[in-house]
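The structure under discussion appears below in the form of structure tokens.
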Amino acid sequence: MRELSRIFLIAVVFLIVRVGTLSAADEPATQDTTDALLELLEREPGNVDTLSQLYAIYMRQGDYGEAQRYALRISEVAQENGDMHTEMLADSYIGQSWLAMDGYDSAYNYLNAAVTLWNSLDSTARTDESYNAIYTAYNGLGIYSVTIDMDFGKAIDYFCLAGRLKRFWIEPLCGILEK
Numbered sequence: 165m166r167e168l169s170r171i172f173l174i175a176v177v178f179l180i181v182r183v184g185t186l187s188a189a190d191e192p193a194t195q196d197t198t199d200a201l202l203e204l205l206e207r208e209p210g211n212v213d214t215l216s217q218l219y220a221i222y223m224r225q226g227d228y229g230e231a232q233r234y235a236l237r238i239s240e241v242a243q244e245n246g247d248m249h250t251e252m253l254a255d256s257y258i259g260q261s262w263l264a265m266d267g268y269d270s271a272y273n274y275l276n277a278a279v280t281l282w283n284s285l286d287s288t289a290r291t292d293e294s295y296n297a298i299y300t301a302y303n304g305l306g307i308y309s310v311t312i313d314m315d316f317g318k319a320i321d322y323f324c325l326a327g328r329l330k331r332f333w334i335e336p337l338c339g340i341l342e343k
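When you line the sequence shown up against the working numbering, it's residues 165 to 343, in that order.
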């Protein structure tokens, strides 16, 4: 029975991670798109949306170092502007890229920094960007918990937190867009 529950937990974690990665499939990944984004970035070096898209492209391509370079640039922009929401996003991206490069200590520190910023935000001041960041951070911490701590229960807790936040964040937005 114990083995069956462990297999069930692993299956649940896999499913949650898989569902969490589906939203990234919408983003552009062609060379033409990358070139256009790089061109746009030359004109607007502080454009966080462009930096985020480049980060996502390089993460999907497995070029984690290059992805991290764009995440670090997002952090610089956030610090220049004193923008906590963007800093949260940068921390979650940097943590995610460290996870992908097996830099687990750094990943843990950045992902927890994003959670700390989230907890310091007034709930009425949270933006779509901050919801995206905390969703990414909690999923990253879930992956960390499975990979390093081998704590499946803790991982599921993180994945469930991310799932609840995503529903809270996405479903109302979908309702607004449908009107």
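Don't be surprised by glycine CBs; every beta carbon is placed ideally from N, CA and C. Small disclaimer: the values here were computed from a predicted structure and weren't measured.
Apart from the five residues on each side of it in sequence, which residues of its chain come closer than 8 Å, Cβ to Cβ, to residue i?
i, result
"residue 208", "214"
"residue 205", "211, 214, 215, 218"
Under three-state DSSP, which class holds residue i?
i, result
"residue 181", "In this prediction, residue 181 has a pLDDT of 47, which is less than 50 and means its spatial position is unreliable; what the coordinates show is noted afterwards. Helix at residue 181."
"residue 206", "helix"
"residue 427", "Beyond the ends of the chain as shown, which are 165 and 343, falls residue 427; an answer cannot be given."
"residue 194", "coil"
"residue 314", "coil"
"residue 291", "coil"
"residue 259", "helix"
"residue 267", "coil"
"residue 247", "coil"
"residue 286", "coil"
"residue 273", "helix"
Between residue i and the rest of its own chain, which residues show a CB-CB distance below 6 Å, the 5 nearest in sequence each way excluded?
i, result
"residue 187", "Bear in mind that the predicted position of residue 187 carries a pLDDT of just 42, short of 50, making it unreliable; the figure below should be weighed with that in mind. Counting only Cβ-Cβ distances below 6 Å, and skipping sequence neighbours, we find nothing."
Leaving out five residues on either side along the sequence, give the residues of the same chain with a beta carbon under 7 Å from the beta carbon of residue i.
i, result
"residue 277", "255"
"residue 230", "222"
Are the beta-carbon atoms of residue i and residue j separated by less than 8 Å?
i, j, result
"residue 307", "residue 282", "no"
"residue 261", "residue 228", "yes"
"residue 221", "residue 236", "no"
"residue 301", "residue 279", "yes"
"residue 305", "residue 294", "no"
"residue 312", "residue 268", "yes"
Is residue i buried or exposed, if buried means 16 or more other CB atoms sit within 10 Å of its CB?
i, result
"residue 296", "buried"
"residue 252", "buried"
"residue 275", "buried"
"residue 232", "buried"
"residue 202", "exposed"
Going by C-alpha to C-alpha distance, which of the options sits closest to residue i?
i, options, result
"residue 291", "249, 314, 243", "249"
So, is the C-beta of residue i closer than 8 Å to a C-beta in chain D?
i, result
"residue 255", "In the structure shown, chain D cannot be found, because there is only a single protein chain."
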